[in-house]
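Below is one structure, written out as structure tokens, with a few remarks after it.
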Amino acid sequence: MNKVGWDMISNRTSTNNGDLAKLARLVTRAEQIKKDGGYGVLPAFFNQYLRSYEGQLKSREFVSYVRGPKIGQFDYDVLLITNEERVKNKLKPFTLDMKLSNVALEKSKDMYTKKYFNHQSPTYGSPFDMMKKFGITYHYAGENIAQGYNNPKAVVNGWMNSPGHRANILNANFSRLGTGYHQQLWTQMFTG
1 MNKVGWDMIS NRTSTNNGDL AKLARLVTRA EQIKKDGGYG VLPAFFNQYL RSYEGQLKSR
61 EFVSYVRGPK IGQFDYDVLL ITNEERVKNK LKPFTLDMKL SNVALEKSKD MYTKKYFNHQ
121 SPTYGSPFDM MKKFGITYHY AGENIAQGYN NPKAVVNGWM NSPGHRANIL NANFSRLGTG
181 YHQQLWTQMF TG
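So for the sequence shown, full-length UniProt numbering puts the first residue at 1; every next one is plus one.
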């Protein structure tokens, strides 16, 4: 599934009936492994995991995006894991805004280059000022930052365990997400 979404974001393919057929085959295969191999836990979880995304894949909302510069695999994974959290909480998944991702990446690079860790940038000012300087328009906006995490799952877990960061991820007023990873500095920017 990750490859289907990644190929779509990378403009290599789109979600189509062939992709949905692959998803159905994966579900069938997981059921067969469970039956033949006596694996009770993993395939049951796998089936549940795949089925939880079926509706979003069919609607294309789960991996929808606004065009802009390409993003990295870590950034894409942050989107998917963040959207898992939103779906678990009965919220619509974020649309990946690649222009906003470019701003988030610039924020992470700025923190690395200028050696600071703060929502207030010495270069761009507040996250809201920075978004405006890059031509991002919004009614609602927010930012999550983190440092030191080694992978997307760990950073999203960290954010979900922090009340303020969790509130941003689960804010129903936010509909677009930009992600930027650079040298273990992570930025999420939200707009709505």
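Yeah, the Cβ is synthetic: ideal placement off N, Cα and C, and Gly gets one too.
Computed from a predicted structure; not experimentally measured.
Residue of S175, I136, G158 and V155 minimising C-alpha distance to L100: I136
Nearest-angstrom Cα separation, counted from K90 out to N118: 31 Å
C-beta atoms of N173 and N144 nearer than 8 Å: Taking a C-beta distance under 8 Å as the contact criterion, N173 and N144 do not qualify as a contact pair.
Is DSSP giving T82 helix, strand or coil here? helix
Is the CB-CB distance between W159 and A146 below 8 Å? yes
How is F190 classed by DSSP in three states: helix, strand or coil? strand
Please state whether DSSP places G142 in a helix, a strand or coil. strand
Residue span of the beta strand (DSSP E) that contains H119, given as start and end: No beta strand (DSSP E) holds H119; DSSP gives it neither H nor E.
Here's a check: name, in chain order, each residue in its chain whose Cβ is nearer than 7 Å to the Cβ of residue 193, leaving out the five neighbours to either side. Lying before the first or after the last residue shown, residue 193 is absent from the chain, which here runs from 1 to 192.
Exposure label - K88; buried when at least 16 CB within 10 Å: exposed
Under the three-state DSSP convention, the category T113 falls into: helix
Under a Cβ-count criterion, where at least 16 other Cβ atoms within 10 Å of its own Cβ denotes burial, should Y76 be classed as buried or exposed? buried
Given a threshold of 16 other Cβ atoms within 10 Å of its Cβ, counted over all protein chains shown, does S126 qualify as buried or as exposed? exposed
Which of helix, strand or coil DSSP assigns to L177: In the structure shown, the three-state DSSP call for L177 is strand.
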